[in-house]
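With my numbering applied, the sequence shown covers 4 to 180.
See structure below.
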Amino acid sequence: MADPVSQLRILGRDLANSQMTRLPKDMTKVCFICVNSFRSFRQNIGITPIGDAVSMAKCLKYFEYDIFYVANPHAKFFLNFLDYFFQNTTEHLVVYYVGQGTTLEDLDTTTKREAYDAFTFDDGKILDCQMAEHIAMNKNPESVLTLITDTCRPNTCWSLISDTVDGVQLPPRVISL
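Now the structure itself:
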């Protein structure tokens, strides 16, 4: 049996060394996976997220989704590809983040905002308000967007309980799990 990293490579396309100009346009069904096991010793959560990513990839591959993934990316790298898939998926985009989430207690912030939820990357965090802006500005209005989070924290930046986040109106057809 192949190791999880090899299985993920077989099931999907690793975007680590890919240029967006070489990706297909007008894709119908896409699964974009961000697997974040972290490289730093302090945050490393082992191989479990990769195994979970393989399971999701197998499931959606069965339903004929094109699978793309990034492993331990920088936050900006992830957002750039995320925006690309938001814009270029015409029917259904499933975005699966597996890794570590963060809540207000974990963030050293002096802002008066009630709550923050975020995804954690080795080089920083992406807050829920930032994610809402990316969705609002880039999501294809005709597609369905399913956001799936698999973290050890109860809330993440896809815990979208309203159609607005920090004043940003989310587009229709967005599902968050």
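The C-beta atom is built at its ideal place from N, Cα and C for all residues, glycine as well.
Computed from a prediction, not measured in an experiment: that's the story for all the values here.
Contact check, residue i vs residue j under 8 Å by CB: the rounded distance?
i    : j    : result
M30  : T92  : 5 Å
V171 : A121 : Not confirmed; about 15 Å, so no contact.
F124 : L18  : The Cβ separation is near 15 Å, so there is no contact.
L148 : L63  : Their Cβ separation, rounded to whole angstroms, is 14 Å, which puts L148 and L63 out of contact at 8 Å.
D69  : V33  : 5 Å
Which residues share a DSSP beta bridge with residue i?
i    : result
M30  : T92
G170 : DSSP, once it has assigned bridges, lists no residue as partnering G170.
How would you write the range of the alpha helix (DSSP H) that residue i sits in, first residue to last?
i    : result
K64  : 51-65
D131 : 131-141
R12  : 7-14
Comparing the CB of residue i with every heavy atom of the ligand MN, is any distance shorter than 7 Å?
i  : result
S9 : As far as ligands go, the structure on display features none, and thus does not contain the ligand MN.
Taking buried to mean at least 16 other C-beta atoms within 10 Å of its own C-beta, is residue i buried or exposed?
i    : result
T167 : exposed
L150 : buried
G15  : buried
L24  : Leu is not the amino acid found at residue 24; the sequence shown has Thr there. With fewer than 16 Cβ atoms within 10 Å of its Cβ, T24 is classed as exposed.
I'd like the span of the beta strand (DSSP E) that includes residue i, first residue to last.
i    : result
L148 : 147-154
S179 : 177-179
A74  : 69-74
Going by beta carbon distance, what residues of the same chain come within less than 7 Å of residue i, once the five residues before and after it are set aside?
i   : result
L11 : I53, A56, V57, A60, Y72
Once the 5 residues before and after residue i are set aside, which same chain residues still bring their CB inside 6 Å of it?
i   : result
A74 : V38
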